[in-house]
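Order-wise, the sequence lines are chains U and R.
Going letter by letter, the first sequence gives residues 30 to 167 in this note's numbering.
Going letter by letter, the second sequence gives residues 231 to 443 in this note's numbering.
The beta carbon of each residue, even a glycine, is placed where N, CA and C say it ideally should be.
Heads up, the thing below is written out as structure tokens.
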Amino acid sequence: MARSRGHSQRCSPDDARNRYRHAVKFLEVAEIAAGEHEQDPEYATVAVSLAVLAGIAAADAACCKALGERSRSQDHHDAEVLLKRVSGGGDAAKQLHQLLSLKDEAHYGFFDVSAAELRKALRRSRAVLAFAKDALRR
Amino acid sequence: MTATVVGMDVSRPYSVISHPLDGAVLHVLTGTAQGMSGRRIAELTGSTQEGVRKALLRLANTGIVDQQEAGRAILYKFNRRHLAAPAVEQLTDLRRALLTRLTETLGSWSPPPLHASVFGSAARGDGTSDSDVDLFIVRPASVADDDQAWREQIERLPEDVRDWTGNSANIVEVPEAALADLRRRRPAIVDNLETDALTLIGPEVTALLENQD
Chain U
30 MARSRGHSQR CSPDDARNRY RHAVKFLEVA EIAAGEHEQD PEYATVAVSL
80 AVLAGIAAAD AACCKALGER SRSQDHHDAE VLLKRVSGGG DAAKQLHQLL
130 SLKDEAHYGF FDVSAAELRK ALRRSRAVLA FAKDALRR
Chain R
231 MTATVVGMDV SRPYSVISHP LDGAVLHVLT GTAQGMSGRR IAELTGSTQE
281 GVRKALLRLA NTGIVDQQEA GRAILYKFNR RHLAAPAVEQ LTDLRRALLT
331 RLTETLGSWS PPPLHASVFG SAARGDGTSD SDVDLFIVRP ASVADDDQAW
381 REQIERLPED VRDWTGNSAN IVEVPEAALA DLRRRRPAIV DNLETDALTL
431 IGPEVTALLE NQD
């Protein structure tokens, strides 16, 4: 990746494809972990964390492709702002916002993730990935 | 520096996008919802700042690109209210239209492919008018090599691609049984697929080709 500028970092179409691949892998593992949560509820927390990582990677992919930059801010909500700048990115940015709102709680284990929250997180993550996949096709 | 809008040449409206660099600049600007600097547009198009500056001036003259002053910088934004905007968006979105049409066509196949993806320059978006459209298609184990319906589909696809784009299609057809060998030997095409491929049908190419040992 190229040099950083403020809270964003320059990136290329190659970086976009790399980040999309990361997103696919994060989601793949999130879905495996989600499949285990009935045996062990702690897997739900792990699955949500991975779904969030998938969403962030997918947002990076779309932003690298369309804008040539991705968020490097400590505050992941800045990634939403950047994603909104991608043409047609409003809905994906909303999905990412909802996903990130679960991040801290799930990541640090402040509360147990319910089955419904897990399903929502996976759905939102898939929606951001679908947007990134479409952005890579332009 | 703010250009005076001269306007679209109504007798030759296609002149809005007649210059190749103008097309590349419009491709970048239609992909963003906000203004972008000339410098960033030059980076994203892989063109010189001077060339892009001239293109932006031409496009601003037709009104298809708006200019906004932001401090000392000028930001450029695609004018979605321009009469030519829908046509420009359609033209700058042709790669996605091709991938959508390929997905729809492959999705209608009977028997269906186990997997299909586009790779190479068509996937990366860095080809030229001479570039082939490279396709990786996996024939399911249930379909024989000489299955007539399958063979007809495979043979018709390059004709379709040529009709849609004027480009040749290069089809790499692999039987499902050969995937294990590809995973093990990892010839150069596997790296190309893992790096560039955009999956059209079936599992993601990385999942299909990753080592399952």
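Which whole-angstrom value describes the C-beta separation of residue i and residue j, a residue pair presumed to lie in contact below a C-beta threshold of 8 Å?
i      : j      : result
V258/R : L274/R : 5 Å
S130/U : A83/U  : Contact flag wrong, Cβ pair sits at about 16 Å.
E65/U  : A437/R : Rounded, the Cβ-Cβ distance is 19 Å, inconsistent with contact.
A80/U  : Y72/U  : No, A80/U and Y72/U are not in contact; Cβ-Cβ is about 12 Å, not under 8 Å.
D375/R : P405/R : 7 Å
V110/U : L96/U  : Rounded, the Cβ-Cβ distance is 11 Å, inconsistent with contact.
Please confirm whether residue i has its beta-carbon closer than 7 Å to some beta-carbon of chain U.
i      : result
A263/R : yes
R326/R : yes
R311/R : no
L274/R : yes
L251/R : no
E440/R : no
R283/R : no
E334/R : no
Rank the options by C-alpha distance to the C-alpha of residue i and give the top, closest one.
i      : options                        : result
L182/R : T292/R, V373/R, Q297/R         : In the structure displayed, chain R extends from 231 to 443; residue 182/R sits before or after that span and is not available.
R39/U  : V77/U, K94/U, F55/U, A76/U     : K94/U
T333/R : L387/R, E280/R, L412/R, F308/R : L387/R
N422/R : L365/R, P405/R, V391/R, S361/R : L365/R
A55/U  : A164/U, R167/U, L158/U         : For the record, residue 55/U in the displayed sequence is Phe; it is not Ala. F55/U has its Cα closest to that of L158/U, out of A164/U, R167/U, L158/U.
L147/U : L112/U, E67/U, S102/U, H105/U  : E67/U
L165/U : T425/R, V391/R, R326/R         : R326/R
A145/U : S37/U, V77/U, P42/U            : V77/U
A59/U  : S100/U, A122/U, T74/U, A121/U  : T74/U
A408/R : L439/R, Q378/R, A399/R         : L439/R
S398/R : R369/R, G357/R, R414/R, A410/R : G357/R
R46/U  : A410/R, G261/R, T425/R, V435/R : T425/R
Q383/R : A315/R, R369/R, A272/R         : R369/R
D69/U  : V110/U, S116/U, F160/U, V142/U : V142/U
G276/R : R99/U, P42/U, S100/U, D107/U   : P42/U
Quick one: is residue i near chain R, going by C-beta distance under 7 Å?
i      : result
G97/U  : yes
S102/U : no
S37/U  : no
V81/U  : no
V53/U  : yes
Using 8 Å as the Cβ pair cut-off and three pairs as the minimum, do the stretch 44-55 of chain U and the stretch 79-89 of chain U touch?
-> yes
Is it true that the stretch 414-431 of chain R meets the stretch 335-352 of chain R, where meeting means three or more beta-carbon pairs spaced less than 8 Å apart?
-> Cβ pair count under 8 Å is three or more, so yes.
Are there three or more Cβ pairs, one per stretch, closer than 8 Å when the stretch 321-328 of chain R is compared with the stretch 251-261 of chain R?
-> yes
Please go through the stretch 88-167 of chain U and give each complete beta strand (DSSP E) segment of 3 or more residues, from N-terminal end onward.
-> 98-100
Three or more C-beta pairs closer than 8 Å, one from the stretch 263-280 of chain R and one from the stretch 121-130 of chain U: is that the case here?
-> no
Fully enclosed by the stretch 314-361 of chain R, which beta strand (DSSP E) runs are 3 residues long or longer?
-> 345-349
Touching or not, the stretch 302-317 of chain R and the stretch 335-344 of chain R, by the rule of three or more beta carbon pairs under 8 Å?
-> no
Considering only residues of the stretch 362-430 of chain R, which uninterrupted beta strand (DSSP E) runs meet the minimum length of 3 residues and lie entirely inside it, listed in chain order?
-> 363-369, 399-405
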